[in-house]
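Trainee:
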Amino acid sequence: MLYRLLRRESHRVRFMQFGKYGGYETSERLLDWVVSRQRRWGTPIPVLLSDDAEHKYAVRVRDDELPVCASTGGHPQRIPCNRLPSGFGIPETDTLDTFFDSSWYYLRYLDPKNDKELIAADKVAQMPVDVYIGGIEHAAVHMFFARFISYFLNDIGVTKSVEPFDQLLPQGVVRGRTFLRTDNGKYVPEADVIQKESTFAEKSDGGEVIMQYEKMSKSKHNGVEPLLVLDRDGIDLTRLQLLSSAAPRAPVNWGDADTKGLKKWLNRVSWVVNEYVTQRSVSSPNCLEADSATEAHYREVYNYAVRNVSMLLEVLHLHNTAIARLIGLTNSLRKAEASLFGRSVEVERCVHALVIMMQVFTPHTAAELWSALCSVVAIDETKWRRTEAVTEQDWPSVDADADIDFILKVLDLSCGRVAVPRQLIEGLSAEKVLKIASEGSHKWFLDGLARAGHQPLKCELQRHEGLHVTLTLHFGDSLKEEYVKKLLNEMAAHRVKTKKSRKIATVSN
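Residue numbers for the sequence shown follow full-length UniProt numbering, beginning at 1 and rising by one.
1) Within the same chain, show all residues whose beta-carbon is closer than 6 angstroms to that of D130, passing over the 5 residues directly before and after it, in chain order.
2) Kindly indicate which three-state DSSP category C350 falls into: helix, strand or coil?
3) Use the C-beta contact count for V496: other C-beta atoms within 10 angstroms, 16 or more gives buried, fewer gives exposed.
4) Would you list the residues sitting across from I194 in a DSSP beta bridge?
5) From E225 to D403, what does the alpha carbon distance come to, in whole angstroms?
6) I need the boundaries of the alpha helix (DSSP H) containing S50, first residue and last residue.
7) Is it true that the segment 280 to 291 meets the segment 190 to 210, where meeting means three or more beta-carbon pairs spaced less than 8 angstroms apart?
8) For G157, count the other beta carbons within 10 Å of its own beta carbon; 16 or more makes it buried, fewer makes it exposed. Which is it?
9) Does the Cβ of S375 have 16 or more other Cβ atoms within 10 Å, making it buried, or fewer, making it exposed?
10) Per DSSP, what kind of secondary structure is residue 513 in: helix, strand or coil?
11) Find out if the Cβ-Cβ distance for the pair R83, V47 is shorter than 7 angstroms.
12) Assuming A372 is part of the alpha helix (DSSP H), what are its boundary residues?
13) Could you pull out every unbroken beta strand (DSSP E) segment of at least 3 residues lying fully inside the segment 387 to 424, listed in chain order?
14) Grab the span of the beta strand (DSSP E) containing K215 for me, first residue to last.
15) May I have the straight-line CA-CA distance separating T294 from R385, to the nearest angstrom?
16) Taking DSSP as the reference, what is the three-state secondary structure of L169?
17) Look up D94 in the DSSP assignment and say whether it is helix, strand or coil.
18) Quick one: what's got a C-beta closer than 6 angstroms to R307's C-beta in the same chain, skipping five residues either side?
19) Would DSSP call G157 helix, strand or coil?
20) In whole angstroms, give me the CA-to-CA distance for L49 and G89.
21) Quick check on this structure: which residue in S219, Q462, C81 has the alpha carbon closest to the alpha carbon of E431?
22) Count the other C-beta atoms from every protein chain shown that fall within 10 angstroms of the C-beta of D52, then say buried if there are 16 or more, exposed otherwise.
23) Between the C-alpha atoms of A290 and V301, what's the straight-line distance to the nearest angstrom?
24) Let me see if you follow: with CB-CB separation under 7 angstroms, is K263 close to chain B or not?
25) Going by Cα to Cα distance, which pick from E348, H138, M491, R232 is closest to L168?
26) Would P164 and A146 qualify as a contact pair, given that the criterion is a beta-carbon distance under 7 angstroms?
27) In the DSSP assignment, find the beta strand (DSSP E) that holds P175 and state where it starts and stops.
28) Below 8 angstroms on the Cβ atoms is my guess for K486 versus H474; work out the distance and round it to an integer in Å.
29) Is DSSP giving I119 helix, strand or coil here?
30) So, are the CB atoms of T362 and D236 less than 7 angstroms apart?
31) Less than 7 angstroms between the beta carbons of E346 and R299, yes or no?
32) How big is the Cα-Cα spacing for G176 and W254?
33) Is it buried or exposed, T365, if we count other Cβ atoms within 10 angstroms and call 16 or more buried?
34) In the DSSP assignment, the beta strand (DSSP E) including Y132 goes from what residue to what residue?
35) In the DSSP assignment, the beta strand (DSSP E) including K458 goes from what residue to what residue?
36) Please classify D405 as buried or exposed, where buried requires at least 16 other C-beta atoms within 10 Å of its C-beta.
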């Protein structure tokens with residue numbers, strides 16, 4: 001009977017967890033620490049080995065005998081040890097992988113000068129780390145070691161949180177233009193290649209060459225000299241090229257960015273700031289205020305831009321899309337009538353928000369533009385600390401009566417993101433938010449699940465004040481990811497069809 005119950009792996013895991021026998025999944029590949037046969041450097045293993053061939057013993061080094069120092073001669077030193085048969089031991093010469101060294105660095109950064117303990121209790125309260133950013137090799141190797149140590153330190157009461165990192169953001173590699181011979185696969189330096197319309201050839205013999213993007217390396221002759229790029233484009237434009245090319249997790253093809261477009265954007269922002277400075281310089285205290293319709297429009301422009309840029313940076317980590325939203329805000333301001341820069345409170349707010357938010361991507365340009373903004377008297381001097389640098393300004397916030405994002409998640413899939421009034425949804429319980437989703441914003445999707453017999457068993461709510469409310473629904477094992485994706489595709493097609501119908505109806509009227 002028990003055998004039949006435990007035939008499924010998931011059932012065996014639950015059984016072991018219930019009895020506290022273990023029952024936690026482990027990596028099939030990483031079964032132990034990486035040990036290197038290094039003799040002179042690396043993390044030493046505090047073990048003493050017997051120094052005679054007859055007995056194969058090993059004992060750990062006592063705490064009061066630490067640290068174990070490397071020998072200065074060519075051979076391992078003999079250390080007195082009464083726990084071994086010969087009375088002497090030889091230190092283990094193998095070392096642990098360098099990832100072991102950094103497996104708890106995030107704790108030490110919080111308390112680097114503490115020589116009494118690993119970390120003070122008041123400092124450990126700052127854990128866990130908000131976002132772990134690193135290459136894929138860090139996510140695949142270092143994170144395993146860091147999590148292992150974190151679990152151990154939590155078990156012995158050093159830390160309060162089991163997991164050391166709240167979120168993971170693995171970076172994509174930067175790839176360079178790479179040229180290969182089609183006949184022998186040899187890598188060719190770009191300087192030795194000529195381009196004939198859409199084809200490439202090696203200069204020396206005219207052999208056909210293909211161009212593709214690969215991870216930069218000396219052997220592939222596809223590296224880029226950073227100092228040359230900085231001299232040519234400057235720091236801010238170089239940053240923009242990297243950040244606008246792709247999402248953080250995606251690989252970046254260096255040289256593929258629209259440099260002209262990015263330069264044009266920076267010039268447009270400069271135009272906006274210059275127009276504001278000019279209009280405020282000639283504006284009088286008695287000038288005509290902007291009408292209510294104009295103010296309402298630019299208030300909506302402000303809230304839309306701030307909500308989206310903040311959401312993309314803080315929650316979704318899509319900095320390339322955040323740049324696109326800043327470009328959109330710039331274009332909206334470019335369309336404004338010139339005099340509005342001198343008399344509209346909401347246009348002024350948009351201009352200041354643009355410069356404050358762009359400092360994430362172009363800090364030097366933003367600092368110069370902020371200095372220009374502060375050279376004239378603002379319509380509302382209370383909104384910013386204009387005697388301080390742009391880096392000291394508060395991040396723009398969404399108005400209390402503006403819209404925020406309402407996100408629905410099922411099986412860790414985003415199943416809809418709509419803008420809803422902030423006052424309507426913030427502060428509600430998960431059950432009430434589910435009711436809003438079922439009756440309005442996400443009705444089509446949830447009705448589709450209900451028709452297939454799937455009802456939510458549990459709902460969880462995550463909030464980020466002023467940005468989003470995320471409702472995560474948990475269903476039974478019968479709901480599969482394939483069905484959810486199929487329903488999402490149907491929902492997308494339904495939206496397109498509805499949009500077309502509305503356009504036809506508008507034209508008919």
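Positions of the beta carbon are idealized from the N, C-alpha and C atoms, including for glycine. These numbers come from a predicted model, not from an experiment.
Mentor: Looking at the coordinates:
1) D166
2) helix
3) exposed
4) A201
5) 45 angstroms
6) Note, S50: premise wrong, no alpha helix (DSSP H); beta strand (DSSP E) at 47 to 50.
7) no
8) exposed
9) exposed
10) This structure does not reach residue 513, given that the chain is present from 1 up to 509, and the question cannot be answered.
11) no
12) 363 to 373
13) 403 to 410, 413 to 421
14) 208 to 215
15) 26 angstroms
16) strand
17) coil
18) V398
19) coil
20) 5 angstroms
21) Q462
22) exposed
23) 15 angstroms
24) In the structure shown, chain B cannot be found, because there is only a single protein chain.
25) H138
26) yes
27) The displayed chain sequence assigns Arg, not Pro, to residue 175. Looking at the DSSP string, the run of the beta strand (DSSP E) that includes R175 is 174 to 181.
28) The Cβ separation is near 19 angstroms, so there is no contact.
29) coil
30) yes
31) yes
32) 5 angstroms
33) buried
34) 129 to 134
35) 458 to 464
36) buried
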